[in-house]
Amino acid sequence: MRSTASQGTALRVTVVGLLVIFTSAAAGGCYGMRELEDLSLITLLGIDKGKTDPILVTAVVAIPRRIRPSAAGGGGGEGKPVVVVSREGKSIVHALQRIDESLARDVTTIETTYVVLGEELAREDASCILDVFTRNLEFRHTTLIAVCQGTAQDFLTRLSPAVEADPATYLVGLTTVAYNDLGVSPLVTVHEFVLAATTVESEPFVPYLVTTRKTQEKVPPPQGGEKKQGEEGSEAGQGGGGQEGEEVVAVRGGAVFRVSDGKIKMVGTLDPRETTAALIMRGELRRGNIEISLPGAPGTQSIIKFHHISAHPRVERNGREIQVTYKVRVTASLDEAQGQSQEVSPRFASAIARTCTEELRALLERTIEKLKSMRSDSVDLGMSVHAKFATWKEWEEFDWPSQFPQTRVSFDVKVFVFTTGFTSRPPVPR
Amino acid sequence: MHQITGSDLEQPCSQARPDRPPQSAPDRSPLPYSQTPSLGHIDSNQVVVLLLYLTASTAFLAFPALVMTRAGSAGWLSMALSAGLGYIALWGWIRWSETTASKGFVPALRETLGRFFGDFVGFLVFSYLLSSTGLLARVFSGGTIIGLLPEVPIEILQGTLIVVSAFGAWLGLEPVARTGVVLAPVVTVSLSVVLLASYRLVDFRHVFPLWGLGPLPVLKQGLRGAGIFANVSALVILKAYMRNPRLLRAAGMWGMSLGAFFMVITTLVVAAAFPYPESTRQLFPLGVLARSIMLGKFLQRLEALFSFSWFFSIAVNLAIAYVLSLIVFSQLSDSQTVRPYVFPVSSFTFGLGLLPPSLVHAVSWLDAIYSWAGNSVLWLGWALYFISRVRYGNRSGRTGTGGDTVRRREGNGPGDRANRSKGVVPGGATGGDGS
Chain A
81 MRSTASQGTA LRVTVVGLLV IFTSAAAGGC YGMRELEDLS LITLLGIDKG KTDPILVTAV
141 VAIPRRIRPS AAGGGGGEGK PVVVVSREGK SIVHALQRID ESLARDVTTI ETTYVVLGEE
201 LAREDASCIL DVFTRNLEFR HTTLIAVCQG TAQDFLTRLS PAVEADPATY LVGLTTVAYN
261 DLGVSPLVTV HEFVLAATTV ESEPFVPYLV TTRKTQEKVP PPQGGEKKQG EEGSEAGQGG
321 GGQEGEEVVA VRGGAVFRVS DGKIKMVGTL DPRETTAALI MRGELRRGNI EISLPGAPGT
381 QSIIKFHHIS AHPRVERNGR EIQVTYKVRV TASLDEAQGQ SQEVSPRFAS AIARTCTEEL
441 RALLERTIEK LKSMRSDSVD LGMSVHAKFA TWKEWEEFDW PSQFPQTRVS FDVKVFVFTT
501 GFTSRPPVPR
Chain B
30 MHQITGSDLE QPCSQARPDR PPQSAPDRSP LPYSQTPSLG HIDSNQVVVL LLYLTASTAF
90 LAFPALVMTR AGSAGWLSMA LSAGLGYIAL WGWIRWSETT ASKGFVPALR ETLGRFFGDF
150 VGFLVFSYLL SSTGLLARVF SGGTIIGLLP EVPIEILQGT LIVVSAFGAW LGLEPVARTG
210 VVLAPVVTVS LSVVLLASYR LVDFRHVFPL WGLGPLPVLK QGLRGAGIFA NVSALVILKA
270 YMRNPRLLRA AGMWGMSLGA FFMVITTLVV AAAFPYPEST RQLFPLGVLA RSIMLGKFLQ
330 RLEALFSFSW FFSIAVNLAI AYVLSLIVFS QLSDSQTVRP YVFPVSSFTF GLGLLPPSLV
390 HAVSWLDAIY SWAGNSVLWL GWALYFISRV RYGNRSGRTG TGGDTVRRRE GNGPGDRANR
450 SKGVVPGGAT GGDGS
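Protein sequence lines, in the order shown, are assigned to chains A and B.
When the letters of the first sequence are read in order and numbered with the numbering used here, they come out as residues 81 to 510.
When the letters of the second sequence are read in order and numbered with the numbering used here, they come out as residues 30 to 464.
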């Protein structure tokens, strides 16, 4: 009996052991594994319109041993930390396969943190990125997306940040700060881009990146040279000599898209202040500020810093007429005032709040009118309006994309300036 | 009291209970249900958890997206309606089970419908369990390939899942139930973390227009989608294995409530995270949601948690489904054991799962099975109850196998102990197949 029992136990242990090994091997992904050192990790991906093939893909491939800081154990600082490779292809995956042919390692986008769209491609049709990010497991939904002035190839090739070894880390930090702390740029993942592009109620809205000069010196226009595509409106030219200062990347607000006829087209940009207004309407603004002239002192600039912002759209529907009133409430403080203004009085504080309210209302109105003129609901107004419809059929018949420009939008703004920085005034200001 | 363990599996009850004399001579005739072999016993809490797995695991798959396809942004309303219908149907099963005392599922069917029709209906239920199990394994494996392991052949994944689940079934109901209870907090916590962490992606304005594609499509989908709760019928199969069958009603209601809550919340979150019609494109919306979470540098791959909850819940679901299939088949064949069927049944489901030429077909077939076969099984409880009432009135509700008064064995599980003090559970010697 004992031997039978022990045989049974041994059999059971063997079966369970084999099962554990089999399951671990199969479910753990050991099948078809690829070692990390055999991979080329693409950290930034640029997409442009190609010349011979439809798509030009630029891949910024990290060289990990060069990204590592020198203090962390040698190897750092020897040469560029990334390799930039561009290839054209019939699709993104096709172009990546061509890039693969020129590298000794298997390229992968599993670590890609940013996708940068060239402006020309964005203005023509950005829908080429939708499918691969929806379908392909290696393309992650959390990847951030932006549009750059000019071509993405040019932008990524010239991207050499001073404060970070890794360009991808730099770009992520740049837009994150612009979104979280300054409120002058949206921060959009591919997931959000896809959602906005595939729904009727909203349109994509992504950061707009430009290459500019570190110093604010005037750059003489290039003599006799052709203007590069997308240079119009840029703060600084990109073809100047090396004496004007180092080129740096900057966020210049948001790029606005419109979806029509199955194409996702960039239809314009919002400057940083308008982007702040758009973020307020989207209910996303965390921090931000507005510049106003101090009451009674025209031309004296001051900075009002927003602490808490809320914006709730109230929608009224009368047949096909839509009236939206945004109830905007802001708590703010006066952060800085140029000049010698040291006025401290309840009347002064009220006047600042009034001025700020008017400025903000004007900014919001200007922004929504600009979006209406571009026929792009990048502030997701449709998300609030469709709640007034009982069924999807009614909503479709209403045809929001065509109705958005006709929608009346007003703003009920109240700004509470809880401090102007001083509580008492010196008897003799100097 | 003798504690039945896994080693008692396949032993006739007389051997499993040393306080009973062994049978003197082999009896080839079908044994009464109270003497069929043991798979272990479970308490009411374990029944609740098993029902939760059986009803809610499909939320991890394509079903929220399928509901959105037919009901639009009001998919969650359809799911709530389906859940309401599930409650009504569950009540039918409970009422019928009360008319059949402590009989096993197939013996109870035979009592209500007669030998031929009872076996026929039992075979249909068995077929439903088997086909849904095979296709569920296929859909899950396909989802794993799309979402996690793109280079692993589907046969390897499906085989692994089926081997693990079938091994659980081979061990018996009690080990499966215990595994389910142990993993339930893991699944719940990891899934809750994923759902909570997706707050930035959720916008409840996406739930509008409130009626989605319209009241009629919502109603239709609610009726059709009720089939997803067909597995609540497992309650009457599990009844005979409960230490205290008197807690059947409460266990059923709790299991159904938790499952319904989970399904409605999941559908609501999916509707809020993916505006219509984008929601309809998501093959595995919860998986996509988990992949889209971005919480900063230190929590970049929260989807790993989802993978745990996904695999655990489906594996336990399949293991329970295997156990239920084996129980029904064992009772249909009047055999004394389930283990010899484990390999054939699991092999059959493996082959069945590979029948659909693509994942799209597999999802479509599984949806059809839940919609039509599921609904048929769901409402079978009321049909059986009415037939039973017509044939027997209230008589069979108070009778056991041989017409004698039913006495239930006192359980020893936490759920049973809680009721012992109330004096609800009388001492007795029936109630499970191991008595």
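Positions of the beta carbon are idealized from the N, C-alpha and C atoms, including for glycine.
Neighbourhood of B:M108 by C-beta, 7 Å cutoff - its chain only, sequence neighbours within 5 removed: Indexing the second sequence from 1 puts residue 108 of chain B at position 79. Closer than 7 Å at Cβ, skipping near neighbours: V96, G254, M292, V293, T296.
Specify whether the segment 124 to 137 of chain B and the segment 267 to 274 of chain B touch according to this definition: at least 3 beta carbon pairs, one from each stretch, less than 8 Å apart. yes
Between the beta-carbon of A:P50 and the beta-carbon of A:L350, is there less than 8 Å? No answer is possible for residue 50 of chain A: the residues shown for chain A start at 81 and end at 510.
At least one CB of chain B closer than 8 Å to the CB of A:F469: is that the case? Mapped onto the first sequence, residue 469 of chain A falls at position 389. Answer yes: the Cβ-Cβ gap between A:F469 and chain B drops below 8 Å somewhere.
Under the three-state reduction of DSSP, which class applies to B:P244: helix, strand or coil? On the second sequence, residue 244 of chain B is found 215 positions in, with the first residue counted as 1. It is helical.
Determine whether the beta carbon atoms of A:S413 and A:V497 lie at a separation below 8 Å. By one-based count along the first sequence, residue 413 of chain A stands at place 333. By one-based count along the first sequence, residue 497 of chain A stands at place 417. The answer is yes: Cβ separation under 8 Å.
Can you list, in chain order, the residues of the segment 306 to 322 of chain B whose Cβ is nearer than 8 Å to any Cβ on chain A? P306, E307, R310, V317, R320, S321, I322
Neighbourhood of A:K450 by C-beta, 8 Å cutoff - its chain only, sequence neighbours within 5 removed: Position 370 of the first sequence, counted from the start, is the residue given in the question as residue 450 of chain A. These residues qualify, in order along the chain: G348, L350, E354.
Which residues in the same chain as B:T208 place their Cβ atom closer than 8 Å to its Cβ, once the five residues preceding and following it in sequence are excluded? In the second sequence, the residue the question calls residue 208 of chain B occupies position 179. For B:T208, where only same-chain residues beyond five positions count, the Cβ hits under 8 Å are G197, V345, A348.
Assuming the contact rule is C-beta atoms closer than 8 Å, A:L121 and A:V96 should be a hit. Round their C-beta distance to whole Å, please. Here residue 121 of chain A refers to the residue found at position 41 of the first sequence. Here residue 96 of chain A refers to the residue found at position 16 of the first sequence. Contact flag wrong, Cβ pair sits at about 39 Å.
Can you tell me where the beta strand (DSSP E) with B:Q75 in it begins and where it stops? Locating residue 75 of chain B in the second sequence gives position 46, where the first residue counts as 1. Run containing B:Q75: none in the beta strand (DSSP E); it sits in the alpha helix (DSSP H), 73 to 85.
Please list the terminal residues of the continuous beta strand (DSSP E) segment that includes B:V96. Looking up residue 96 of chain B in the second sequence gives position 67. Note, B:V96: premise wrong, no beta strand (DSSP E); alpha helix (DSSP H) at 92 to 100.
If you follow the alpha helix (DSSP H) that A:A206 is in, where does it begin and where does it stop? By 1-based counting over the first sequence, the position of residue 206 of chain A is 126. Counting along the chain, A:A206 falls outside any alpha helix (DSSP H), and DSSP gives it neither H nor E.
Using beta carbons (cut-off 8 Å, strictly below), is B:R368 in contact with chain A? The residue you call residue 368 of chain B lines up with position 339 of the second sequence. No, B:R368 does not count as interfacial toward chain A.
Burial state of A:R215 (16 or more Cβ within 10 Å): By one-based count along the first sequence, residue 215 of chain A stands at place 135. Under this definition A:R215 is an exposed residue.
In chain order, what residues of the same chain have a beta carbon less than 7 Å from the beta carbon of B:D396, not counting five sequence neighbours either side? Counting from 1 along the second sequence, the entry for residue 396 of chain B is found at position 367. The answer, listed in chain order, is L95.
Between the Cα of A:I432 and those of A:P481, A:R114, A:T411, spot the shortest distance and give me the residue it belongs to. Here residue 432 of chain A refers to the residue found at position 352 of the first sequence. Comparing Cα positions, the closest option is A:T411.
Strictly under 8 Å for the Cβ-Cβ distance: is A:R220 near chain B by that measure? Here residue 220 of chain A corresponds to residue number 140 of the first sequence, with the count starting at 1. With 8 Å as the cut-off, A:R220 counts as an interface residue toward chain B.
Residues of chain B with CB closer than 7 Å to the CB of A:H466, please, in chain order. By one-based count along the first sequence, residue 466 of chain A stands at place 386. The contacting residues are F237, P238.
Pick out whichever of A:D133, A:A467, A:H388 has its Cα sitting closest to the Cα of A:E396. The residue given as residue 396 of chain A occupies position 316 in the first sequence. Nearest option by C-alpha distance: A:A467.
In chain order, what residues of the same chain have a beta carbon less than 6 Å from the beta carbon of B:A402, not counting five sequence neighbours either side? Within the second sequence, the letter at position 373 stands for residue 402 of chain B. Excluding residues within five positions, the ones whose Cβ falls inside 6 Å are Y157.
A:G169: buried (16+ other C-beta within 10 angstroms of its C-beta) or exposed? Position 89 of the first sequence, counted from the first residue, corresponds to residue 169 of chain A. With 16 or more Cβ atoms within 10 Å of its Cβ, A:G169 is classed as buried.
Quick check on DSSP: helix, strand or coil for A:F491? Position 411 of the first sequence, counted from the first residue, corresponds to residue 491 of chain A. If DSSP states are grouped into helix, strand and coil, A:F491 belongs with the strands.
Tell me the rounded alpha-carbon separation between B:G115 and A:G399. What you label residue 115 of chain B is simply residue 86 of the second sequence in a count that begins at 1. What you label residue 399 of chain A is simply residue 319 of the first sequence in a count that begins at 1. Straight-line Cα distance between these residues: approximately 39 Å.
Selection from A:T278, A:H221, A:R178 that minimises the alpha carbon distance to A:Y194: On the first sequence, position 114 is the one that residue 194 of chain A refers to. Minimum Cα distance to A:Y194 is reached at A:H221.
Where does B:Q187 sit, in a helix, a strand or coil, going by DSSP? For the purposes of this step, residue 187 of chain B is taken as residue 158 along the second sequence, with counting starting at 1. Looking at B:Q187 - three-state DSSP - the assignment turns out to be helix.
Interface residues of chain C facing B:S364 [CB-CB closer than 7 Å]: Here the protein chains are A and B, and chain C is not one of them.
Within 8 Å of any Cβ in chain B, is that where the Cβ of A:H174 sits? Translated into the one-based positions of the first sequence, residue 174 of chain A becomes position 94. Answer no: the Cβ-Cβ gap between A:H174 and chain B never drops below 8 Å.
Going by DSSP in three states, B:L407 sits in which element: helix, strand or coil? Counted from its first residue, the second sequence places residue 407 of chain B at position 378. Of the three classes helix, strand and coil, the one that applies to B:L407 here is helix, per DSSP.
Taking 8 Å as the cut-off, does the segment 270 to 277 of chain A touch the segment 360 to 373 of chain A (at least 3 CB pairs, one atom from each stretch)? no
Pop quiz: B:G171 and B:A391 are said to be a contact at Cβ under 8 Å. What is the actual Cβ separation, rounded to whole angstroms? Walking along the second sequence from the start, residue 171 of chain B turns up at place 142. Walking along the second sequence from the start, residue 391 of chain B turns up at place 362. Their Cβ separation, rounded to whole angstroms, is 6 Å, which keeps B:G171 and B:A391 in contact under 8 Å.
What are the residues of the segment 382 to 404 of chain B that lie near chain A, defined by any Cβ-Cβ distance shorter than 7 Å? none
B:L153 in three-state terms, based on DSSP: Locating residue 153 of chain B in the second sequence gives position 124, counting from the first residue. Helix.
Determine the DSSP secondary structure at A:Q566, reduced to helix, strand or coil. Nothing can be reported for residue 566 of chain A: it is not among the residues displayed for chain A, which extend from 81 to 510.
Going by beta carbon distance, what residues of the same chain come within less than 7 Å of B:S354, once the five residues before and after it are set aside? Walking along the second sequence from the start, residue 354 of chain B turns up at place 325. For B:S354, where only same-chain residues beyond five positions count, the Cβ hits under 7 Å are F155, L158, L159, T162, V374.
Given B:V211, which residues of its chain have a CB within under 7 Å of its CB, disregarding the five upstream and five downstream residues? Here residue 211 of chain B refers to the residue found at position 182 when the second sequence is read from its first residue. Cβ neighbours of B:V211 beyond the five flanking positions: none.
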